[in-house]
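Chains as they are written, first to last, in this note's numbering: chain A, 1 to 315; chain B, 316 to 630.
Written below as structure tokens is the structure these notes are about.
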DNA sequence: GAGCCTTGATTAATCGATTAATCAGGGTGT
DNA sequence: ACACCCTGATTAATCGATTAATCAAGGCTC
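Shown next, in the form of structure tokens:
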């Protein structure tokens, strides 16, 4: 098996405390001995036992991540960003899926705590409350959710889309949303309408979109790429050309947005910044510092062929 | 803070050993005392410390999952399946992304072990070797990778696609693959050719596909939905109707395959079965049982509008 | 040369749960 | 009545790392 602190100590003829101090840099000791110990540690392939360290220090170095639906293509990119940021801070990421009933979200949160997570990142299923937990929780959601600690500026993202379409010369713009009960989508629509109060809104929950030919608009501003994708193929099948006959925009920069032809103009979240903000909040909580004020991160527009003709190929 | 074993013991006037035995069901004790202890445990909200238990038992109850690229839409569904299966077995899942250099894969594996994973599930980046580790590793890949412990029957999946297209009356079929160095894609192509030896193959690594009008085929059999998606939109833009003028199939049943119109016929992996097989292999390894023989799980075809006209709507 | 500070290292307690070894005491068998 | 066994519980060691408290020895000052 992998050597433990005592094996190292014995091999060097010193005490385990000295070895521990040498590796952590704490305490006083001769520089010579310190390097001797460190060399031996790497030579023997020493790695501290995570459970022993966690037991003693009270920190496992692992954070929990609760997503509403791992398979939903929106979240993997976020998971990746959080994993990267956590890794950079020397932490691991335990995942959990709150798929199914909202009660599963509470289960997932508690389960992660039971499994030793020091802190949690939660992307809440909508309409759920965050339970009281013994560990810090960073909620990533729309700014309109007061529990949210860190969020993309969905309202600003909506404005970006509309400004982009207005600059492209559109004035008859139809906003297409999935569900008005989604805070994120509501924020996005609010931003869009803020930039163009005359825009009409169609919620797919209230009924399907009219046939492409019957649409009295020159641009469709969707609150999600997932909404835009079926429209893209339907419009193409109906013989409408993008962007000349109809412009389309989405949200979230899903993987396929760059793959379709023409590419789908969309608005992306600054996921690294969000991950960083979330972990900042968690570390503050872990260190007993006062709660950080909620942070809102700007979104950015990714223009592609669905709204503008370019000379370079869109992938 | 959350109560510990000793708090429970004190509250009940018994020893910690008795409490531990009552909760685990081991040892001898009066039925009365056992229920009294268990009641008190739930009433006081007792939860065992994961690190203490892990330190003593040598098991953390956490497995590591290494994916080549979390953001690649192929993997989240697998991650979800593994998370679900792990949860059902009372285990947690630590994720890691081997994004970037293949060396990152080794790093990720070692990092997860350092973080306390009892065992690992690895979806290998192609062309990489699996390092020797102190814990069991289940490799999920193509059957043509001898290191693979559990894999979908990509060859059989290829046959399914071709049989489906042949039954639909196609004979001029062009197989479209991304890269011949991918084991998974090579297996899929092999299965396709097995079912229709006369089929032509175009590797996108060797050059882009000719313009839609120049294609002398009535069906495009892609080795991945990601390859099929841009084709779908290009074909539509070129005025070709699916499936009448051209049939298209993909692989992997990505989230968007059901969203495009018409839906994309594709072949899916039985992810729950794969997750189950992977965890079976790991548990066998953890219990010191002999290694399970590699398992191959059948794939299944999901027919959609891109190959056949139906009366029901494809979402 | 006696007292004191500094340096460099050790001792031993601690984190919380698990578990093998042990023990007290009532009931049985002969 | 004596030895024996079984039941129901306790004692104490253990997992491996961290860290406060302690100690030995050498160097200084006056």
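Cβ atoms here follow ideal geometry from the backbone N, Cα and C, with glycine treated the same way.
Keep in mind that this is a model prediction, so the values were computed, not measured.
From residue i to residue j, what does the alpha carbon distance come to, in whole angstroms?
i                      : j                      : result
residue 372 of chain B : residue 500 of chain B : 42 Å
residue 4 of chain A   : residue 50 of chain A  : 11 Å
residue 180 of chain A : residue 203 of chain A : 7 Å
residue 298 of chain A : residue 172 of chain A : 26 Å
residue 87 of chain A  : residue 414 of chain B : 12 Å
residue 260 of chain A : residue 231 of chain A : 12 Å
residue 344 of chain B : residue 81 of chain A  : 51 Å
residue 198 of chain A : residue 205 of chain A : 21 Å
residue 305 of chain A : residue 522 of chain B : 22 Å
residue 479 of chain B : residue 236 of chain A : 26 Å
residue 35 of chain A  : residue 602 of chain B : 39 Å
residue 46 of chain A  : residue 52 of chain A  : 14 Å
residue 42 of chain A  : residue 59 of chain A  : 24 Å
residue 535 of chain B : residue 560 of chain B : 11 Å
residue 339 of chain B : residue 252 of chain A : 47 Å
residue 283 of chain A : residue 79 of chain A  : 18 Å
residue 311 of chain A : residue 170 of chain A : Bear in mind that a pLDDT of 47 at residue 311 of chain A, under 50, signals an unreliable position, so the model cannot answer this.
May I ask you to report which of helix, strand or coil DSSP gives residue i?
i                      : result
residue 551 of chain B : helix
residue 249 of chain A : strand
residue 157 of chain A : helix
residue 274 of chain A : helix
residue 111 of chain A : helix
residue 410 of chain B : strand
residue 321 of chain B : helix
residue 164 of chain A : helix
residue 491 of chain B : strand
residue 627 of chain B : Annotation note: pLDDT 46 at residue 627 of chain B (below 50); position unreliable, coordinate value reported separately. Three-state DSSP puts residue 627 of chain B in coil, outside helix and strand.
residue 454 of chain B : strand
residue 151 of chain A : strand
residue 266 of chain A : strand
residue 516 of chain B : strand
residue 297 of chain A : strand
residue 499 of chain B : helix
residue 14 of chain A  : coil
residue 508 of chain B : helix
residue 286 of chain A : helix
residue 378 of chain B : strand
residue 217 of chain A : coil
residue 292 of chain A : coil
residue 385 of chain B : coil
residue 120 of chain A : strand
Measure the beta-carbon distance from residue i to residue j and round it to whole angstroms, keeping in mind my assumption that it falls under 8 Å.
i                      : j                      : result
residue 92 of chain A  : residue 409 of chain B : 5 Å
residue 442 of chain B : residue 369 of chain B : Going by Cβ atoms, the distance from residue 442 of chain B to residue 369 of chain B rounds to 35 Å, so no, they are not a contact pair.
residue 177 of chain A : residue 161 of chain A : At roughly 12 Å, the Cβ-Cβ gap does not stay under 8 Å, so residue 177 of chain A and residue 161 of chain A are not in contact.
residue 262 of chain A : residue 242 of chain A : 5 Å
residue 565 of chain B : residue 539 of chain B : 6 Å
residue 217 of chain A : residue 307 of chain A : That pair is no contact at about 13 Å.
residue 464 of chain B : residue 594 of chain B : Wrong, their Cβ atoms sit about 11 Å apart, outside the cutoff.
Just to confirm before moving on: does the CB-CB distance between residue i and residue j stay below 8 Å?
i                      : j                      : result
residue 274 of chain A : residue 391 of chain B : no
residue 580 of chain B : residue 605 of chain B : no
residue 450 of chain B : residue 434 of chain B : yes
residue 14 of chain A  : residue 157 of chain A : no
residue 96 of chain A  : residue 64 of chain A  : yes
residue 200 of chain A : residue 175 of chain A : yes
residue 388 of chain B : residue 424 of chain B : no
residue 154 of chain A : residue 187 of chain A : yes
residue 571 of chain B : residue 229 of chain A : yes
residue 548 of chain B : residue 309 of chain A : no
Would you say residue i touches the ligand MN, meaning its beta carbon is less than 7 Å from a heavy atom?
i                      : result
residue 363 of chain B : Of the ligands one can find in the structure shown there are none, so the ligand MN has no counterpart to examine.
Sorted by chain position, which residues of the same chain lie with C-beta nearer than 6 Å to residue i's C-beta, five sequence neighbours on each side aside?
i                      : result
residue 467 of chain B : 584, 612, 614
residue 285 of chain A : 136
residue 19 of chain A  : 5, 8, 9, 37
residue 295 of chain A : 150, 277
Skipping 5 residues on each side, what residues in its chain have a beta carbon closer than 7 Å to that of residue i?
i                      : result
residue 440 of chain B : 383, 413, 417, 420
residue 40 of chain A  : 8, 11, 12
residue 628 of chain B : No answer about residue 628 of chain B holds up, because its pLDDT of 44 lies below 50 and its placement is not dependable.
residue 317 of chain B : 360, 362
Can you list, in chain order, the residues of its chain whose CB lies under 8 Å from that of residue i, leaving out five sequence neighbours each side?
i                      : result
residue 145 of chain A : 124, 139, 151, 183
residue 227 of chain A : 176, 177, 178, 204, 250
residue 399 of chain B : 587, 590
residue 429 of chain B : none
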